[in-house]
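Just add 27 to the spot in the sequence shown (first one is 1) and you have this note's numbering.
Beta carbons are placed, not taken as given, at the ideal position from N, Cα and C, and that holds for glycine.
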Amino acid sequence: MAEGLRQAYQEKGSFEHVYTVREIISAMQPEWNSAETQLQQFLRLSKVLKEHGARPTDESIKESFRKNKKEVLETLRLLAYSGIGPSDLAKVLLGREDLSAKERMLVEVWHELEKQDSSYARLREEMRSGWSPRRLHEVLDDISPDAKSTTPDGHTLVLHGFYFVTPEQQRFLERLREGGMDIIFFNLYDARYPETFGFTRAFITERYGWSDDWEIASARGEEGGLGDVFLRAYEEGSAPTSGTDREIVAYDSFFEFMNKVIVPAYPIGGRPEEGKTQIIATNADMLNDVLSQYYPDMSTGSRNLLRYPVGQFLSNIHAIRTADGFMLDADILMATFTSGWLYDPESGKNARDYTGQLRKILPHFEGCETLEEWRRRSDELMSFYEQVLSPYEKAGDGRVLKSMRSPFVRISQFSLDRHEMETIRFFLRQLDFISKELFRIEMEEERIGIHFKKVFEMVAKYDPSSHMELEEEETRILETLNERLARIEDDTFFLYEDVGEAVSLYLSGKLDPEDTPIVKPFIEVDGEAFKEGKEYHVTGLDERGLPLSEFALPWPFQPETYEALSEQHQVLELDTLRNKSIKHISRYLFYITLEFLRPRCTELSFMRNYLDKRDMEPALYVKQLDLTVVPADVSWNTEDAPAHRENAYDFEAEATTGREGFEGLTSSDFLMEYVACQRRFQYGYILSEFPTFDTEFHQQFQYTDLLRVVKRTMPREDERVIREVGTLFPGWTDYRKRMIAKKYISGKWMKKTEKQDAADGIKINSARQDLQLPGLRVDRRTKLRAEVEDGLSGWIDQIEEKLGKDVAFKASPSDECKYCPYQDICPDVDPLEGGGGR
Numbered sequence: 028m029a030e031g032l033r034q035a036y037q038e039k040g041s042f043e044h045v046y047t048v049r050e051i052i053s054a055m056q057p058e059w060n061s062a063e064t065q066l067q068q069f070l071r072l073s074k075v076l077k078e079h080g081a082r083p084t085d086e087s088i089k090e091s092f093r094k095n096k097k098e099v100l101e102t103l104r105l106l107a108y109s110g111i112g113p114s115d116l117a118k119v120l121l122g123r124e125d126l127s128a129k130e131r132m133l134v135e136v137w138h139e140l141e142k143q144d145s146s147y148a149r150l151r152e153e154m155r156s157g158w159s160p161r162r163l164h165e166v167l168d169d170i171s172p173d174a175k176s177t178t179p180d181g182h183t184l185v186l187h188g189f190y191f192v193t194p195e196q197q198r199f200l201e202r203l204r205e206g207g208m209d210i211i212f213f214n215l216y217d218a219r220y221p222e223t224f225g226f227t228r229a230f231i232t233e234r235y236g237w238s239d240d241w242e243i244a245s246a247r248g249e250e251g252g253l254g255d256v257f258l259r260a261y262e263e264g265s266a267p268t269s270g271t272d273r274e275i276v277a278y279d280s281f282f283e284f285m286n287k288v289i290v291p292a293y294p295i296g297g298r299p300e301e302g303k304t305q306i307i308a309t310n311a312d313m314l315n316d317v318l319s320q321y322y323p324d325m326s327t328g329s330r331n332l333l334r335y336p337v338g339q340f341l342s343n344i345h346a347i348r349t350a351d352g353f354m355l356d357a358d359i360l361m362a363t364f365t366s367g368w369l370y371d372p373e374s375g376k377n378a379r380d381y382t383g384q385l386r387k388i389l390p391h392f393e394g395c396e397t398l399e400e401w402r403r404r405s406d407e408l409m410s411f412y413e414q415v416l417s418p419y420e421k422a423g424d425g426r427v428l429k430s431m432r433s434p435f436v437r438i439s440q441f442s443l444d445r446h447e448m449e450t451i452r453f454f455l456r457q458l459d460f461i462s463k464e465l466f467r468i469e470m471e472e473e474r475i476g477i478h479f480k481k482v483f484e485m486v487a488k489y490d491p492s493s494h495m496e497l498e499e500e501e502t503r504i505l506e507t508l509n510e511r512l513a514r515i516e517d518d519t520f521f522l523y524e525d526v527g528e529a530v531s532l533y534l535s536g537k538l539d540p541e542d543t544p545i546v547k548p549f550i551e552v553d554g555e556a557f558k559e560g561k562e563y564h565v566t567g568l569d570e571r572g573l574p575l576s577e578f579a580l581p582w583p584f585q586p587e588t589y590e591a592l593s594e595q596h597q598v599l600e601l602d603t604l605r606n607k608s609i610k611h612i613s614r615y616l617f618y619i620t621l622e623f624l625r626p627r628c629t630e631l632s633f634m635r636n637y638l639d640k641r642d643m644e645p646a647l648y649v650k651q652l653d654l655t656v657v658p659a660d661v662s663w664n665t666e667d668a669p670a671h672r673e674n675a676y677d678f679e680a681e682a683t684t685g686r687e688g689f690e691g692l693t694s695s696d697f698l699m700e701y702v703a704c705q706r707r708f709q710y711g712y713i714l715s716e717f718p719t720f721d722t723e724f725h726q727q728f729q730y731t732d733l734l735r736v737v738k739r740t741m742p743r744e745d746e747r748v749i750r751e752v753g754t755l756f757p758g759w760t761d762y763r764k765r766m767i768a769k770k771y772i773s774g775k776w777m778k779k780t781e782k783q784d785a786a787d788g789i790k791i792n793s794a795r796q797d798l799q800l801p802g803l804r805v806d807r808r809t810k811l812r813a814e815v816e817d818g819l820s821g822w823i824d825q826i827e828e829k830l831g832k833d834v835a836f837k838a839s840p841s842d843e844c845k846y847c848p849y850q851d852i853c854p855d856v857d858p859l860e861g862g863g864g865r
């Protein structure tokens with residue numbers, strides 16, 4: 028609303044000083060509303076919950092509190108702001124027969140918490156007295172976007188758009204009123220439709236210290252708009268007879284809506300046209316959450332430190348330390364690598380450049396849980412590279428020889444060169460060092476101030492700007508973070524096991540209250556009525572979107588308990604009242620949409636399918652207006668569509684040029700995959716150096732092939748062969764390895780000798796094809812080989828033509844799709860056969 032007013036009345040003197048109530052509350056009470064205070068409160072609450080002596084029968088209740096710490100904190104902050112302390116809560120609740128075990132524990136925990144944390148009591152004391160107009164003026168001058176502008180003297184505050192009031196807003200406004208400010212509510216109200224607009228009277232009334240004597244202007248003269256038609260149908264029972272030729276667009280899915288509406292307005296990787304398009308949705312939170320994956324550098328309403336590399340690094344470093352010790356998983360490790368904060372100052376190498384290689388070796392770490400297990404497993408893998416794989420590495424080998432010489436190279440964790448593996452191990456050790464530097468190994472707790480001083484020092488020590496150029500925005504973010512960390516001073520102890528969640532919540536706070544999301548919530552549509560020259564897309568108008576859903580009550584209150592508490596502490600009634608008014612609020616907002624957003628500039632729409640919602644119908648409001656449902660325009664430009672991101676794959680293109688690169692594609696081994704499936708060949712040899720396999724499904728075939736190679740080339744007992752080959756797959760159980768081996772290690776086929784092929788004059792064992800094409804039967808491999816040899820020049824000519832003319836490499840969906848390493852990214856994979864690899 029404030030933004031709309033600012034844009035509509037920019038001329039000097041017209042609504043020059045417009046602010047949101049959140050801006051003013053945050054500025055008037057900076058300490059209480061700071062992320063640092065909430066971080067400290069969270070850590071103190073976590074420690075109290077850990078140490079709370081619950082009855083044996085209440086252990087599950089205690090665990091639910093620990094899992095919902097964020098919600099518990101929000102409840103306690105609301106109660107404190109409402110002037111309620113633990114004794115007040117106990118007085119109302121403990122005498123009730125229908126009190127739940129969770130509500131009883133809330134009373135107990137809050138009593139214990141206030142002995143450790145005085146911030147709630149200090150706030151209640153602050154809220155007992157009024158705030159003078161002078162203090163308000165000083166704060167408004169500080170937050171004014173115009174540094175030269177000063178707030179005019181006066182004791183009047185005009186509130187616009189307050190069709191409901193929250194308990195926090197009510198308490199805040201009471202402090203201003205008691206300090207001498209005159210407060211005027213200035214709202215849209217149409218006396219012709221009291222059943223819709225009248226709900227605001229329940230909030231702005233003498234019961235809450237305001238006035239019942241409203242000044243109501245005469246009704247708007249013009250009639251006949253679709254908003255009027257809509258409200259007349261509700262309040263007078265009249266059927267829509269005019270103005271209902273309006274359409275509503277039905278998008279089949281979120282991705283169709285994204286491609287046709289969002290991407291043209293907000294090009295991925297590009298700059299949107301400033302202020303041209305605004306998207307509004309009843310399900311804005313969900314849409315913005317999904318969009319953050321496609322627009323990481325744009326505001327989706329939640330631009331925060333977690334969106335930046337430094338935030339990701341800090342969050343994941345803290346996630347390593349848990350109640351069970353120093354723990355690590357693939358997601359945390361990958362996130363620290365991609366952050367850019369792990370680097371080798373001597374070589375200048377950055378872990379961000381090794382994420383593809385890291386992904387390849389992850390199968391070797393299956394089953395690892397602790398940081399120590401990851402370190403030990405990496406040492407074992409490094410030893411294998413040095414002792415076993417090193418002899419297969421020859422300087423000057425092209426990719427053909429590299430893919431043939433070693434029997435292990437098609438197994439993803441053994442496909443790196445030794446120096447790459449050495450670099451990854453360095454970064455893993457560096458991560459281990461940083462973690463041990465930040466957390467004291469022998470302790471389970473630390474003082475809040477001491478720990479965040481270490482964080483401050485760590486950020487300064489490992490700041491990547493010393494070895495790589497950062498974007499201007501990221502440099503500014505680092506400066507902001509350092510300023511915030513320096514403000515945390517607290518001698519209270521916290522538990523290490525809670526710090527990961529606490530830091531994640533701390534970093535997730537919005538950096539800039541002025542951030543405008545790509546998709547605005549429907550509840551803010553009234554502010555758009557003031558703006559000119561915009562194109563609007565109002566979506567989410569489905570049966571689940573309207574009427575809006577009720578707001579959740581503070582956790583863990585039951586409705587009847589919260590109502591009883593509201594009877595004693597009247598300000599909390601406003602929460603209950605808002606939920607009772609939700610249908611009126613929904614009608615009011617839909618009326619605003621129809622009446623004040625110009626039809627020729629506004630598209631109404633809904634999505635038939637999104638997330639777990641299927642076959643959605645238009646909202647009841649839409650049906651009552653008999654709006655015409657039309658499908659989305661099928662002529663949209665597919666060139667504007669974003670890349671398919673659901674199964675994004677990190678291809679590693681080979682650095683080859685000209686004829687040299689093409690000649691590498693003419694190997695008979697490579698061409699076997701072209702004959703089997705052109706798309707597989709493209710993924711494996713055009714977009715990558717050569718294919719490797721990283722799933723357990725594929726590697727179980729490669730395991731049996733290795734058993735065969737070792738058994739045929741070395742005269743060893745079966746048990747020894749199983750033991751030695753089994754060490755290459757440490758994440759599998761011994762039982763699993765033995766069961767697979769038992770099936771394949773005996774039999775006549777084990778005694779056959781393999782013929783030798785030659786590549787560049789070097790003898791290569793033909794058993795390599797088993798590891799190259801795991802899962803395919805021997806007769807199928809033989810047939811592919813024969814087809815390649817019979818038509819070698821023709822296949823080469825085809826590939827050269829496709830590359831020269833940019834012709835597509837077609838897929839050949841079949842029952843062999845499950846053996847392909849690219850089944851997860853190929854859009855044409857056989858749906859009945861694909862998926863075997865995962």
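Mind checking which residues open and close the alpha helix (DSSP H) that includes residue i?
i	result
GLN726	723-740
ASP602	600-607
THR655	Here THR655 belongs to no alpha helix (DSSP H); instead the beta strand (DSSP E) covers 655-658.
MET485	475-489
How would you label residue i, buried or exposed, when you count the other beta carbons within 10 angstroms and need 16 or more for buried?
i	result
LEU811	buried
MET766	exposed
ASP667	Only weak support is given to the placement of ASP667: the predicted model assigns it a pLDDT of 39, under 50, and the question is left unresolved by the model.
MET699	buried
VAL57	It should be pointed out that residue 57 corresponds to Pro in this sequence rather than to Val. The residue is exposed, with fewer than 16 neighbouring Cβ atoms inside 10 Å.
GLY225	exposed
PHE578	exposed
PHE213	exposed
ASP255	buried
VAL415	exposed
If we ignore side chains and look at the alpha-carbon of each, how far apart do residue i and residue j end up?
i	j	result
PRO645	ARG605	25 Å
GLU152	PHE460	46 Å
ASP351	GLU524	8 Å
ASP817	VAL805	18 Å
LYS94	VAL75	14 Å
PHE697	ARG747	34 Å
VAL702	VAL737	29 Å
THR365	GLU496	16 Å
ARG445	ILE749	25 Å
Which residue wins for smallest C-alpha separation from residue i, given the options the options?
i	options	result
GLU594	ARG49, LYS97, LEU116, GLU78	LEU116
ALA244	ALA218, TRP237, GLY236	ALA218
GLU393	ARG403, PRO757, LYS480	PRO757
SER820	SER695, ARG432, GLY254, LEU465	SER695
LEU601	VAL552, GLU400, GLY236, ALA768	GLY236
SER114	ASP490, LEU599, TYR412, TYR147	TYR147
With a cut-off of 8 Å on the beta carbons, I'd call residue i and residue j a contact; round off their distance for me.
i	j	result
PRO336	GLU501	7 Å
ARG635	TYR278	7 Å
GLU378	LEU389	Per the sequence presented here, residue 378 reads as Ala, with Glu not at that position. With 8 Å as the limit, ALA378 and LEU389 do not qualify as a contact, their Cβ atoms being about 14 Å apart.
GLY110	PRO160	That belief does not hold up - the Cβ atoms of GLY110 and PRO160 are roughly 22 Å apart, past 8 Å.
SER462	LEU398	7 Å
GLN729	LEU803	Rounded, the Cβ-Cβ distance is 12 Å, inconsistent with contact.
Hey, quick one: how far does the beta strand (DSSP E) through residue i stretch, first residue to last?
i	result
LEU565	Sequence inspection shows Val at residue 565; the Leu mentioned does not correspond to that position. Taken as a continuous stretch (DSSP letters only), the beta strand (DSSP E) holding VAL565 covers 562-566.
MET409	Note, MET409: premise wrong, no beta strand (DSSP E); alpha helix (DSSP H) at 398-411.
LYS547	546-548
ASP168	Where ASP168 is concerned, there is no enclosing beta strand (DSSP E), although the alpha helix (DSSP H) it sits in stretches over 160-170.
ILE307	304-308
Please find out if some non-hydrogen atom of the ligand NAP comes closer than 8 Å to the beta-carbon of residue i.
i	result
SER492	For the structure depicted, the ligand NAP is absent and the ligand set is empty, with no information on it obtainable.
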